[in-house]
Amino acid sequence: MLGLIIAVILIVLPLTVSLQDDPCNSYRMLSDDGGRSIKCDLYYSDSHDRFIDEGWRRVQLESTGEDLTMPTMCVPSGFCGSHSNVWLDGSHPTVEDGIVDRMGCLSSHPTVEDDIVDRMGCLSMSSSCCKVKYPIQIKNCTDYMVYNLKRTSGSDQRYCFGDSNDCYLTTRPTTDSSNTQGNRRNRHGFGSDYQKDDMITILGVCLTIAIAALFVLAFCIFCYFRQRKLQYELDTKPTKA
Ligand SMILES: *[C@@H]1O[C@H](CO)[C@@H](O)[C@H](O)[C@H]1NC(C)=O
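What the sequence shown shows, in the working numbering, is residues 6 to 246, in sequence order.
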């Protein structure tokens with residue numbers, strides 16, 4: 006009898022321990038009011054993850070209960086409800102992959118709306134899609150993802166989650182009187198073709214500068230030879246006279 010009890014304990018104990026160890030069963034919720042979305046600019050939240058409770062998190066949109074995942078491409082700064090955002094530099098795992106190690110990248114990349122100098126990545130020193138790296142662990146729990154998140158170091162850095170248009174305004178009072186949705190407003194942020202758009206702009210600006218430089222150079226050469234010709238005519242005049 007005693008042997009049976011010990012046997013049961015020996016079987017059940019590792020099982021419960023392994024269940025507790027599995028982040029799919031021992032995560033904490035991270036409810037998002039919409040501010041973390043790639044579509045929501047910093048005015049909708051202007052928050053940060055500097056004091057976030059570290060550990061395994063399942064992230065859901067507060068209004069719908071929809072599970073959210075991190076974007077896997079560079080998000081321009083000023084979105085995800087903060088000045089700089091952390092996006093996932095890598096892919097999401099499958100269930101079979103178990104717990105995987107990934108890197109989160111802090112983006113300070115300028116937005117499409119920013120001025121022309123900022124948009125030229127080559128000129129702006131602070132522009133980067135991966136200014137700082139944060140280690141992130143991820144597990145695919147079939148119906149949802151869990152992320153092991155670290156605190157961000159700056160109070161203007163926040164983890165990006167989801168792509169909802171449902172941005173919740175928490176800091177800036179709404180002035181739009183025709184807004185019947187109250188604080189919730191739809192906003193179309195940058196699209197998935199943002200990087201392409203930005204590349205075209207950078208190429209366009211660089212090309213324009215190159216052509217302008219060529220014109221200046223041509224004008225200088227023209228002036229130089231004209232000067233030399235005048236000088237030559239001046240020098241040769243007295244001998245003619
Ligand atoms: C989770 O894993 C399954 C297969 O194991 C895959 O089909 C699904 O796309 C994964 N979820 C995400 C968000 O990548």
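The beta-carbon is built from N, C-alpha and C at its ideal position, and this holds for glycine as well.
Buried or exposed: residue i, going by 16 or more other Cβ atoms within 10 Å of its Cβ?
i      : result
PRO140 : exposed
VAL221 : exposed
LYS44  : buried
GLY39  : buried
THR157 : buried
PHE56  : exposed
CYS211 : exposed
TYR199 : Per-residue confidence for TYR199 stands at a pLDDT of 47, beneath the threshold of 50, marking its modelled position as unreliable; the derived number appears in the next sentence. The residue in question, TYR199, is buried, as its Cβ has 16 or more Cβ neighbours within 10 Å.
ASP58  : exposed
GLY209 : exposed
THR36  : Sequence inspection shows Ser at residue 36; the Thr mentioned does not correspond to that position. With fewer than 16 other Cβ atoms within 10 Å, it is exposed.
SER42  : buried
THR180 : Model confidence at THR180 stands at a pLDDT of 39, short of 50, so the residue's coordinates are unreliable; what they give is reported in the following sentence. By the 10 Å Cβ count, THR180 comes out exposed.
Per DSSP, residue i forms a beta bridge with which residues?
i      : result
CYS247 : Because the chain spans 6 through 246 in this model, residue 247 falls outside it and cannot be assessed.
GLY60  : LEU154
SER36  : GLN65
TYR139 : GLY109
LYS234 : DSSP lists no partner for LYS234.
LYS144 : ILE104 and VAL151
LEU164 : The residue asked about is misnamed: residue 164 is Tyr in this sequence, not Leu. Bridge partners of TYR164: VAL91.
ASP46  : PHE84
Skipping 5 residues on each side, what residues in its chain have a beta carbon closer than 8 Å to that of residue i?
i      : result
SER183 : Confidence at SER183 is low in this model, with a pLDDT of 34, below 50, so the placement of that residue should be treated as unreliable; the coordinate-derived value is given next. Around SER183: no qualifying Cβ.
THR99  : ASN145
Less than 6 Å between C-beta atoms, sequence neighbours within five positions excluded: which residues of the same chain meet that for residue i?
i      : result
CYS135 : CYS110
SER113 : SER82, SER89, SER131, SER133 and LYS136
What does a CB cutoff of less than 7 Å around residue i pick up in its chain, not counting 5 residues either side in sequence?
i      : result
TYR32  : TRP61, ARG62, ARG63 and VAL151
GLY126 : Because GLY126 carries a pLDDT of 48, less than 50, the predicted location of this residue cannot be relied on, and the following value inherits that uncertainty. The answer, listed in chain order, is SER132 and ILE207.
ASP106 : PRO140 and GLN142
CYS29  : LYS144, CYS146 and VAL151
Taking only the alpha-carbon atoms, compute the straight-line gap between residue i and residue j and give it to the nearest angstrom.
i      : j      : result
GLN142 : LEU154 : 7 Å
LEU66  : MET75  : 12 Å
MET204 : GLY103 : 36 Å
GLY86  : ARG231 : 59 Å
LEU47  : ASP94  : 21 Å
HIS97  : PRO115 : 26 Å
ASP168 : LEU73  : 8 Å
TYR164 : TRP92  : 7 Å
ALA223 : TYR229 : 10 Å
ASP240 : CYS225 : 22 Å
ASP161 : GLU71  : 26 Å
Return no unless some Cβ of chain C is closer than 8 Å to the Cβ of residue i.
i      : result
VAL137 : Absence of chain C from the displayed structure is noted, only one protein chain being present.
- Item | Whole alpha helix (DSSP H) elements within the region 65–127, 4-residue minimum | 121–124
- Query: Who sits around ligand 2, taking every residue whose Cβ is closer than 5 Å to one of its heavy atoms?
  - Reply: No copy of ligand 2 occurs in the structure displayed; its ligands are ligand 1 alone.
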